[in-house]
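Chemist: Below you'll find the structure I mean.
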Amino acid sequence: MSVTESRRPKDAETHIGNHKLDPSTLMMGYGFDPALSEGSLKPPIFLTSTFVFDKAADGKRFFEGITNKHGSGGKAEGLVYSRFNGPNQEILEDRLKIWEDAETSLTFSSGMTAIATLLLAFVRPGDVVIHSGPLYAATESIINKILPQFGVHYVDFPAGATREELDEVMANAKAKGRVAMIYLESPANPTNVLVDVEAVAAARAAAFGDEAELPPIAIDNTFLGPLWAKPLAQGADITVYSLTKYAGGHSDLVAGGLVGKQSLLDKVRLMRNTMGGICDPNTAWMLMRSLETLELRMTRAGENAEKVCAFLRDHPKVEKVGYLGFLEEGSRQADIYERHCTGAGSTFSLYLKGGEREAFAFLDTLKIAKLAVSLGGTETLASAPAAMTHLSVPDERRAALGISDNLVRISIGVEKAEDLIVDFENALRAV
Ligand SMILES: *Cc1c(COP(=O)(O)O)cnc(C)c1O
């Protein structure tokens, strides 16, 4: 939390002696000094549009920060105006970065605001964006429809691409223009295919190693982060979040975040200072509350998913369960999983025997699980991608992605696993 020098909070403790504190411990107090807020144990919500400077010289110094006058990267020494910064957002950003041992973090009014601001901060006319596919539909729209209006083009590759395929993709992209960014999403939705981030980083080094600035690798880590995957450790520079999902975790807010290298996120901060799109103080406060239970919630949801998937896999009306815990031993995807992930998550694909009729009968009979799109909340959600989220995807592409009419997408919550199994068993009876 950056306030004027005299009001700076006590140094946040991240260690006791040599013992490094776990993120789950730090979420309760890190970055907030009660002495700055009348002893309040929890940070108040700072509902103010602007902040009072002690002296005119402070205002000048802070604005020099906001406008990057001396290379501060848009970060001011003190609080200025709520489009730039605020206490709630700064504490939230300090806590969010801890999960990945990252240098810095920025929060936004939605996942898509984070993604749009990130891309706009890096692209120039004539550039190329390399991306894994499939991507979240709105992200794909930005890269494939909006950026081309400004002369920015793309080269895509399938999420599971090998090192050899990646080398070829990098060469193709280089031939088309300056590569502004390598944008990944893993696991891909709804196929659950993992991207080999280590292979992408190695292919980038081979293709661009002689250049002064490597194109940054950004990765949408919404499905597994920040608990089960930490792609910065595999060579990514920026992780991207829809905080609406597991991080928010209660299906009651919309927000986004970027976590990663300071030098790169400074460019995004300058763009956010200009365009707006910062997370509002109330949502930031709700996210801080959510982060206190992030590990508990995600751990329980992950354990539930494991039990539910074990039940579904053997059911006679089920064709297949696309769950990261069931990767074929010795396969390339299993190898990526071993190197990149510490848990299989709680969002998976259930393929029923049959088609739309069977999928709809199943969805319409569920009692605990709610029929809604989205994921990562405390409650279990189920939907039919072919008829809902991916309805507008052309038939051939849908077939190539395995988005068939019998596919039900499920995000498991923190209910009692035994109750969920009874709910699914009952719904399968109706199929
Ligand atoms: C939901 C989602 C987004 C978009 O986030 P919003 O918060 O809805 O703007 C981006 N990527 C993935 C993987 C998502 O699931």
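Just so we're aligned: the sequence shown equals residues 1 to 431 in the UniProt record's numbering. Every residue, glycine too, gets a C-beta built ideally from N, C-alpha and C. Being a predicted model, the structure only gives us computed values, none of them experimental.
1. From valine 193 to tyrosine 241, what distance separates their C-alpha atoms?
2. Near leucine 327, what residues of its chain come up, given a Cβ to Cβ distance below 7 angstroms and the 5 sequence neighbours on each side ignored?
3. Beta-carbon within less than 7 angstroms of glutamate 5's beta-carbon, same chain only, minus the 5 sequence neighbours each way: which residues are those?
4. Do leucine 375 and serine 404 have their C-beta atoms within less than 8 angstroms of each other?
5. In terms of residue numbering, what span does the alpha helix (DSSP H) encompassing leucine 287 cover?
6. Pull up the CB-CB distance for phenylalanine 108 and cysteine 279, whole angstroms please, since I reckon it's below 8 angstroms.
7. Of all the beta strand (DSSP E) runs that stay within the bounds of the stretch 243-277, which reach a length of 3 or more residues?
8. If you measure from the CB of threonine 139, is any heavy atom of ligand 1 nearer than 7 angstroms?
9. Less than 7 angstroms separating the Cβ of glycine 345 from some heavy atom of ligand 1?
10. Between which two residues does the beta strand (DSSP E) containing lysine 317 stretch?
11. Across which residues does DSSP place isoleucine 130 in a beta bridge pair?
12. Using the Cβ count rule (16 or more neighbours within 10 Å means buried), how would you classify glutamine 149?
13. Relative to the C-alpha of arginine 409, which candidate in Pro44, Asn304, Ala137 and Thr191 has its C-alpha closest?
14. With distances taken Cα to Cα, identify the nearest neighbour of serine 37 among Ala56, Pro87, Ala102 and Glu211.
15. What do you reckon, is the C-beta of tyrosine 183 under 7 angstroms from a heavy atom of ligand 1?
16. Would glycine 413 and glycine 354 be called neighbours here (beta carbons separated by less than 8 angstroms)?
17. Quick check on this structure: which residue in Glu306, Glu319, Asp364 and Gly402 has the alpha carbon closest to the alpha carbon of alanine 417?
18. Have a look at leucine 265 and glutamate 77 and give me their C-alpha separation to the nearest angstrom.
19. Does the Cβ of glutamate 329 have 16 or more other Cβ atoms within 10 Å, making it buried, or fewer, making it exposed?
20. Just the C-alpha distance for alanine 173 and asparagine 189, rounded to the nearest angstrom, thanks.
21. For alanine 387, collect the residues of the same chain with a Cβ closer than 7 angstroms to its Cβ; drop the 5 residues on either side in sequence, then sort them by chain order.
22. Go ahead and label lysine 145 buried or exposed: buried means 16 or more other beta carbons lie within 10 angstroms of its beta carbon, across all protein chains shown.
Modeler: With the given structure in hand:
1. A straight-line Cα-Cα distance of about 18 angstroms links valine 193 and tyrosine 241.
2. Gln333, Ala334 and Tyr337
3. Only weak support is given to the placement of glutamate 5: the predicted model assigns it a pLDDT of 47, under 50, and the question is left unresolved by the model.
4. no
5. 281-292
6. Contact check for phenylalanine 108 and cysteine 279: beta-carbon distance about 6 angstroms, within the 8 angstroms limit, so the pair qualifies.
7. 256-260
8. yes
9. Relative to ligand 1, the beta carbon of glycine 345 is positioned no closer than 7 angstroms to any heavy atom.
10. Segment: none, lysine 317 is in no beta strand (DSSP E) and carries neither H nor E.
11. Paired residues: Val155 and Ile182.
12. exposed
13. Comparing Cα-Cα distances from arginine 409 to each of Pro44, Asn304, Ala137 and Thr191, the minimum goes to Thr191.
14. Pro87
15. no
16. no
17. Selection Glu306, Glu319, Asp364 and Gly402 evaluated against alanine 417 yields Glu306 as nearest (Cα-Cα).
18. For leucine 265 and glutamate 77, the distance between alpha carbons rounds to 17 angstroms.
19. exposed
20. 24 angstroms
21. Glu356
22. exposed
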